[in-house]
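J.: My structure is below; once you've seen it, I'll send some questions.
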Amino acid sequence: MYAEDAAAVATPEQPTTAAVAEPTAEATPAPQEKSTWEKILANMPKISGYLQTGWNWAQDSYDNSHATSSFQAKRLRLIMDGKVGEKVDFRLQIEAFNGIAGSTNGNGQKNLQVMDAFATWKVMPEFKIRAGQFYTPLGYENYDISPKTLETVDFSNIVYRMACRNPYEYNFVDYGRDLGVMLMGDLFDSGKGFRYLHYDLALTNGSIPCKDDDNSSKDFYVSATVRPVKFFNIKATYNYGKYKDNSKIADGSKYNPMHRFVVGAWYNDPQGIDLRAEYGLLKSKVDGQKRLDEQGAYVLAGYHAGKWLPMVRWDMYRDKMQNTVNPNGETIQKCNANYNYNRILVGVNYQLFKNVTIQFNYHHFFFNDKQYTSNGEEYSGRNQIQLMGRFCF
Amino acid sequence: MYAEDAAAVATPEQPTTAAVAEPTAEATPAPQEKSTWEKILANMPKISGYLQTGWNWAQDSYDNSHATSSFQAKRLRLIMDGKVGEKVDFRLQIEAFNGIAGSTNGNGQKNLQVMDAFATWKVMPEFKIRAGQFYTPLGYENYDISPKTLETVDFSNIVYRMACRNPYEYNFVDYGRDLGVMLMGDLFDSGKGFRYLHYDLALTNGSIPCKDDDNSSKDFYVSATVRPVKFFNIKATYNYGKYKDNSKIADGSKYNPMHRFVVGAWYNDPQGIDLRAEYGLLKSKVDGQKRLDEQGAYVLAGYHAGKWLPMVRWDMYRDKMQNTVNPNGETIQKCNANYNYNRILVGVNYQLFKNVTIQFNYHHFFFNDKQYTSNGEEYSGRNQIQLMGRFCF
Amino acid sequence: MYAEDAAAVATPEQPTTAAVAEPTAEATPAPQEKSTWEKILANMPKISGYLQTGWNWAQDSYDNSHATSSFQAKRLRLIMDGKVGEKVDFRLQIEAFNGIAGSTNGNGQKNLQVMDAFATWKVMPEFKIRAGQFYTPLGYENYDISPKTLETVDFSNIVYRMACRNPYEYNFVDYGRDLGVMLMGDLFDSGKGFRYLHYDLALTNGSIPCKDDDNSSKDFYVSATVRPVKFFNIKATYNYGKYKDNSKIADGSKYNPMHRFVVGAWYNDPQGIDLRAEYGLLKSKVDGQKRLDEQGAYVLAGYHAGKWLPMVRWDMYRDKMQNTVNPNGETIQKCNANYNYNRILVGVNYQLFKNVTIQFNYHHFFFNDKQYTSNGEEYSGRNQIQLMGRFCF
Chain A
4 MYAEDAAAVA
14 TPEQPTTAAV
24 AEPTAEATPA
34 PQEKSTWEKI
44 LANMPKISGY
54 LQTGWNWAQD
64 SYDNSHATSS
74 FQAKRLRLIM
84 DGKVGEKVDF
94 RLQIEAFNGI
104 AGSTNGNGQK
114 NLQVMDAFAT
124 WKVMPEFKIR
134 AGQFYTPLGY
144 ENYDISPKTL
154 ETVDFSNIVY
164 RMACRNPYEY
174 NFVDYGRDLG
184 VMLMGDLFDS
194 GKGFRYLHYD
204 LALTNGSIPC
214 KDDDNSSKDF
224 YVSATVRPVK
234 FFNIKATYNY
244 GKYKDNSKIA
254 DGSKYNPMHR
264 FVVGAWYNDP
274 QGIDLRAEYG
284 LLKSKVDGQK
294 RLDEQGAYVL
304 AGYHAGKWLP
314 MVRWDMYRDK
324 MQNTVNPNGE
334 TIQKCNANYN
344 YNRILVGVNY
354 QLFKNVTIQF
364 NYHHFFFNDK
374 QYTSNGEEYS
384 GRNQIQLMGR
394 FCF
Chain B
4 MYAEDAAAVA
14 TPEQPTTAAV
24 AEPTAEATPA
34 PQEKSTWEKI
44 LANMPKISGY
54 LQTGWNWAQD
64 SYDNSHATSS
74 FQAKRLRLIM
84 DGKVGEKVDF
94 RLQIEAFNGI
104 AGSTNGNGQK
114 NLQVMDAFAT
124 WKVMPEFKIR
134 AGQFYTPLGY
144 ENYDISPKTL
154 ETVDFSNIVY
164 RMACRNPYEY
174 NFVDYGRDLG
184 VMLMGDLFDS
194 GKGFRYLHYD
204 LALTNGSIPC
214 KDDDNSSKDF
224 YVSATVRPVK
234 FFNIKATYNY
244 GKYKDNSKIA
254 DGSKYNPMHR
264 FVVGAWYNDP
274 QGIDLRAEYG
284 LLKSKVDGQK
294 RLDEQGAYVL
304 AGYHAGKWLP
314 MVRWDMYRDK
324 MQNTVNPNGE
334 TIQKCNANYN
344 YNRILVGVNY
354 QLFKNVTIQF
364 NYHHFFFNDK
374 QYTSNGEEYS
384 GRNQIQLMGR
394 FCF
Chain C
4 MYAEDAAAVA
14 TPEQPTTAAV
24 AEPTAEATPA
34 PQEKSTWEKI
44 LANMPKISGY
54 LQTGWNWAQD
64 SYDNSHATSS
74 FQAKRLRLIM
84 DGKVGEKVDF
94 RLQIEAFNGI
104 AGSTNGNGQK
114 NLQVMDAFAT
124 WKVMPEFKIR
134 AGQFYTPLGY
144 ENYDISPKTL
154 ETVDFSNIVY
164 RMACRNPYEY
174 NFVDYGRDLG
184 VMLMGDLFDS
194 GKGFRYLHYD
204 LALTNGSIPC
214 KDDDNSSKDF
224 YVSATVRPVK
234 FFNIKATYNY
244 GKYKDNSKIA
254 DGSKYNPMHR
264 FVVGAWYNDP
274 QGIDLRAEYG
284 LLKSKVDGQK
294 RLDEQGAYVL
304 AGYHAGKWLP
314 MVRWDMYRDK
324 MQNTVNPNGE
334 TIQKCNANYN
344 YNRILVGVNY
354 QLFKNVTIQF
364 NYHHFFFNDK
374 QYTSNGEEYS
384 GRNQIQLMGR
394 FCF
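Residue numbers (this note's numbering), protein chains in the order written: chain A, 4 to 396; chain B, 4 to 396; chain C, 4 to 396.
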């Protein structure tokens, strides 16, 4: 329905964050005389979305079954772009197959969850204000890319373990969303269809979305994307916040500090090479003692060959904390070792129709430490296959 | 999208209940010849809604933190007005940030909840029939006003403690909705753009919405609004029902009686003074013994000065039951004393754009009895600040 | 909004399954020149749905109250038909008053649940591919009919006890949906507005929808509908799958086999007689021992007399397993005896307006074995009355 949508299906969205946030702005044609009906239509909320569904196979699952295979309703995103006014847009995004731990229903079924609900006041291209619940600018995959434009089926662990998860207060994916206000803009027009600089400054709760914050401290984000030429840009984001220590070494405080930093570079020719790398850090110290120390990285290389997009990705994640033993001989869990792996992904996308993409991903996991199934079998690797269709409407 | 919406943002809706229920009727223009496409468009469900999001600060919260501050997703209302036929409309309203106690997900997050789902057969202006789940006519704030048209961010306690809550069966806000049938109409056309009398007669489950009733007794509502002149009206509503005694002195019966009565008056000049007052009673006796005895009131005064609406409101609520001590020396909880307060609100709305309103509310609570934080600190007052944006789409 | 919808309200949908799945295909007119706005409109997702609300009265309920009566929000279906491409459609269906056991919220309230979320690639009329979460082809009522087109308010027990429920893994209604892929098509054009053969071949998880499967075995469905003349057809469906034994005699295995078979015949003249019968079997043996043995049937007879549709239905269900007593004298529950009944339904539908149908159903249950209320009263029969309005938008 939008210009963005048509282009975005097979070719990953170009990293102009403006395109993510304000898809309607450029898409609506402006005929010289509008009938009453055309005016009504122009002001109606625009509904769009996509279904990602298919087959997942995994070997050596954690629950001791040798392999699992399932048809999956991976994602069903419903998006509503409402027109609030001449310069104000509203965006609602709902995940209809939300299966995040703790939020499924009593039968363990996935259900609906509000992801985005924000209004954006576009004062001018150089300055916009966003209020509500929105995706934070922490890295390309969390801000500039959605599963609709992502090359692979799943994100790297920079998203799942860093951007989408608050390691202090909880330990589950929160879709990388938060409640607050964000200032942003695009500066220095190149005259060649892009601007040299994009910036984001956000103040957010620093807690779980769809919930009031229970500490008074707010999170702060600063992010800049520099685009020297049309197909290439680099991005860096820093985040600081204070949290309750729930997940690891509980000390009751609601005000433990945490730092997150993600830096990356992206070259993307829609008719050629797609090359992206990101590196992320997550750290916390309380009274000079390390509480959190995590690190993630990935490199993705693909090539847009007509309707095909073959790709390879390497990604890693490392929780560098060590479990300790207390004077009573009990193990103090400080580390999520089962996420400590390197992983190779080989994949290919095929654009069957304008709005239909078939995605094939093969993963091999190399665990840093040996893993054990519940009946004690040891394993150091793991394979996964995903075959998905992505249908945009 | 509707004529109503445009007017409603900064100027509170005039208390013609018809305007609340049937917004589409007047709003759709009627061109002489319709193309196929215009006919399709005219019969499509109309989607609208509003996001209310901002900042909340409160001092002396009950959980012993001295002050709390949080960005909030206060309300996200999604409204669908479907055309069932020439004289039959359908209304669906969903709260996408429903945080009512007991209905949040396993992670404590707000989620989606159906509020309204009803069909209205408009036989004639004097007689309409509504069936389904709808808002009951108990007072202006529950029936004639929505958060989209309310002057303040939150309702008074006549809504939260009386209309929106069944003190027998449960003790949480139910949005003032119930399942049943309602007859209503507007009589005696003044010839000056309004009718002198509006009436509502409803028969409802008298239990929680979105759930089957577990007693056979039904609730009854009768309500009348008399409007002698365009800008002024008075309204009175009486409700009777029978309930299970869960919340206070459980006696196992599903058939304890309860009476509710709300009366009010409203003067509202869209270019001038807005003055509204309501008084409510809630009472129950079983075997000559008082079981429930509550009282609430408020006076709101504002002035529509162009894009500004400054206002002041006083409201009070009093649960007049007394906790008692039984022969074993145990306290029998009969009263919700922490709601027993007077409160002053000073606020101002500014209409930034046609569909964007900025709302600032400052509250001071005067508790009737001393309150205590969980570590024993005593307090008799409390302050709250709300700064919200209301974005209609 | 669709041609199908207008016809479907009072006259049950003719059993061409193609009409269920692809309502938009025929409905959109194709003018010779489209304006930009017409193109936008043509590609917008189409939203429709229906509310079914009214009154339910039941005598001799299981919970020992002599009779219950309640206004009910029976069903609110929201349907979105999105256009993915020239030959690819997307269908989303949400039940907004889902009250399935285990999925209501903490206050026992019904809430939103995704039922359907699938894409259909219509390669040609003879061959279509569907992927996602969809209704399985097990019988007319689960596949060819929805509550919008069903003559009665509720389905027969072939749907609720066989198609909509997996007696091994769980024991609640799952809407007869599953995740997987389905091939289907209509063969042998009669040249008189119908095709002689419809077929469905499906491979699905064989577990609960909206959830990943936890065994590796997949379910298989094969179904054929033969239509020798326009108003008459016969249908047979066979399903095989493997399941975890949760509900009866748990043995820990995830791979117990189950067979389901439903056969039926339907004569339906939209201006005359509507006569339909189905018979279903559900069986399982493990190591030569019967684990499941159930049987269901119904005969429905109605007559389309203008706006009226009077009808009578007999249906039965029989769980033929017997509870046993183990060496310790404990009863081993192998049978759901409270569903073992014959039932007579007498009903009438009246089409008040094009999109409004009033439905009256009277049921009498004849239990095979005596039933007992919780305080020991015995009963062998039960009455139920349903008075509902069905409003389509």
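Glycine is no exception: its CB is placed at the ideal position from the N, C-alpha and C atoms. For clarity, every value in this text was computed on a predicted model and none was experimentally measured.
(1) With DSSP as the reference, label residue 45/C as helix, strand or coil.
(2) Let me confirm a value: residue 125/C is counted as buried when at least 16 other C-beta atoms fall within 10 Å, else exposed. Which label applies?
(3) What would DSSP say about residue 434/C, mapped onto helix, strand or coil?
(4) Could you tell me which uninterrupted alpha helix (DSSP H) segments, each at least 4 residues in length, are contained entirely in the region 322-396 of chain A, listed from first to last along the chain?
(5) Give me the residue from 70/C, 120/C, 361/C and 58/C with the minimum Cα distance to residue 214/B.
(6) If we call anything under 8 Å between Cβ atoms a contact, is residue 374/C one with residue 341/C?
(7) Name the chain A residues that come within less than 7 Å of residue 208/C, Cβ to Cβ?
(8) Which first and last residues belong to the alpha helix (DSSP H) in which residue 144/A is found?
(9) Check whether the Cβ of residue 150/B lies closer than 8 Å to any Cβ atom in chain C.
(10) Would residue 130/B pass as a contact of residue 188/B if the rule is Cβ separation under 8 Å?
(11) Which full runs of the beta strand (DSSP E) of 3+ residues lie inside the region 265-311 of chain C, going along the chain?
(12) Looking at the structure shown, is residue 162/B part of a helix, part of a strand, or coil, going by DSSP?
(13) If we count the other Cβ atoms within 10 Å of its Cβ and call it buried at 16 or more, is residue 292/B buried or exposed?
(14) For residue 39/B, name the three-state secondary structure that DSSP assigns.
(15) Taking residue 190/A as the query, report the chain C residues whose CB atoms sit under 7 Å from its CB, ordered along the chain.
(16) Are the C-beta atoms of residue 79/C and some chain D residue less than 8 Å apart?
(17) Cβ of residue 93/B less than 8 Å from any chain C Cβ?
(18) For residue 82/B, go through chain C and note every residue whose CB falls closer than 8 Å to its CB, in chain order.
(19) Applying a beta-carbon distance threshold of less than 9 Å, which residues of chain A neighbour residue 106/C?
(20) By the DSSP assignment, the beta strand (DSSP E) with residue 136/B in it spans what residues?
(21) Tell me the residue span of the beta strand (DSSP E) that contains residue 199/B.
(22) Tell me whether residue 77/B sits in a helix, a strand or coil according to DSSP, three-state version.
(23) Mind checking residue 249/C: buried by the 16 CB within 10 Å criterion, or exposed?
(24) Near residue 216/C, what residues of its chain come up, given a Cβ to Cβ distance below 8 Å and the 5 sequence neighbours on each side ignored?
(25) Do you know how far the Cα of residue 173/B is from the Cα of residue 222/B?
(26) Would you kindly check if the distance between the Cβ of residue 158/C and the Cβ of residue 104/C is under 8 Å?
(27) Hey, out of 288/B, 98/B, 93/B and 106/B, whose CA is closest to residue 121/B's CA?
(28) Step through the CB atoms of chain B and report whether any lies within less than 8 Å of the CB of residue 215/A.
(29) With 8 Å set as the bound, which would you pick, yes or no: does the beta-carbon of residue 388/A sit closer than that to a beta-carbon of chain C?
(30) With C-beta atoms as the reference, is residue 54/B less than 8 Å away from residue 79/B?
(31) Could you confirm whether any beta carbon from chain B is found closer than 8 Å to the beta carbon of residue 29/A?
(32) Of the residues that make up the region 212-240 of chain C, which ones have a beta carbon closer than 8 Å to any beta carbon in chain A?
(33) Which word fits residue 156/C, buried or exposed, when buried means at least 16 other C-beta atoms lie within 10 angstroms of its C-beta?
(34) Could you tell me whether the region 328-347 of chain C touches the region 357-376 of chain C, using the rule of 3 or more Cβ pairs below 8 Å?
(35) Would you say residue 56/A faces chain C, with C-beta separation under 8 Å as the test?
(36) One question on the structure: do residue 180/C and residue 118/C come within less than 8 Å of each other, judged by their Cβ atoms?
T.: So, from the listed chains and residues:
(1) In the structure shown, the three-state DSSP call for residue 45/C is helix.
(2) By the neighbour-count criterion, in which 16 or more other beta carbons inside 10 Å mark a residue as buried, residue 125/C falls on the buried side.
(3) This structure cannot speak to residue 434/C, because chain C is shown only from 4 to 396.
(4) Counting only runs of 4 or more, we get nothing.
(5) The shortest C-alpha separation from residue 214/B is found at 58/C.
(6) Against a cut-off of 8 Å, the Cβ pair of residue 341/C and residue 374/C comes out as a contact.
(7) Chain A residues near residue 208/C: 73 and 74.
(8) It spans 143-146 - the alpha helix (DSSP H) in which residue 144/A sits, taken as one unbroken run.
(9) For residue 150/B, the answer is no, since every Cβ of chain C falls outside 8 Å of its Cβ.
(10) Yes, Cβ-Cβ distance for residue 130/B and residue 188/B is below 8 Å.
(11) Fully enclosed beta strand (DSSP E) runs of 3 or longer: 276-289 and 292-306.
(12) Helix, per DSSP.
(13) By the 10 Å Cβ count, residue 292/B comes out exposed.
(14) DSSP places residue 39/B in the helix class (H, G or I) of the three-state scheme.
(15) Taking the beta carbon of residue 190/A as reference, no residue of chain C falls within 7 Å; the closest one sits roughly 33 Å away.
(16) Absent from the structure: chain D. Protein chains present are A, B and C.
(17) At least one chain C Cβ lies under 8 Å of residue 93/B.
(18) Ordered by position in chain C, no residue passes the 8 Å Cβ test against residue 82/B, which lies about 13 Å from the chain.
(19) The contact set of residue 106/C on chain A, defined by CB atoms closer than 9 Å, consists of 108, 109, 110, 112 and 114 in chain order.
(20) Segment 130-138, the beta strand (DSSP E) holding residue 136/B.
(21) 198-207 is the span of the beta strand (DSSP E), which, as asked, contains residue 199/B.
(22) Here DSSP, grouped into helix, strand and coil, assigns residue 77/B to strand.
(23) Exposed, since its Cβ has fewer than 16 Cβ neighbours within 10 Å.
(24) Only 182, 208, 209 and 210 meet the Cβ criterion.
(25) The alpha-carbon of residue 222/B is positioned some 16 Å away from that of residue 173/B.
(26) In this structure, residue 104/C lies away from residue 158/C, with their beta-carbon atoms at least 8 Å apart.
(27) For the residues 288/B, 98/B, 93/B and 106/B, the minimum Cα distance to residue 121/B belongs to 93/B.
(28) So, interface residue.
(29) Not an interface residue.
(30) Inclusion of residue 54/B and residue 79/B in the CB contact set at 8 Å is warranted, their separation being smaller than that value.
(31) Unreliable positioning characterises residue 29/A in this predicted model, as indicated by a pLDDT of 39, which lies under 50. The coordinate reading is nonetheless provided below. Contact of residue 29/A with chain B is not assigned, every C-beta pair being separated by 8 Å or more.
(32) Those residues of the region 212-240 of chain C that come within reach of chain A (Cβ to Cβ, closer than 8 Å) are 212, 213, 214, 215, 216, 217, 219 and 221.
(33) Taking all protein chains in view, the Cβ of residue 156/C is crowded by 16 or more other Cβ atoms within 10 Å, so the residue is classified as buried.
(34) Contact between the region 328-347 of chain C and the region 357-376 of chain C is present: three or more C-beta pairs spanning the two stretches fall below 8 Å.
(35) By this cut-off, residue 56/A is an interface position.
(36) Contact annotation: residue 180/C and residue 118/C have beta-carbon atoms nearer than 8 Å.
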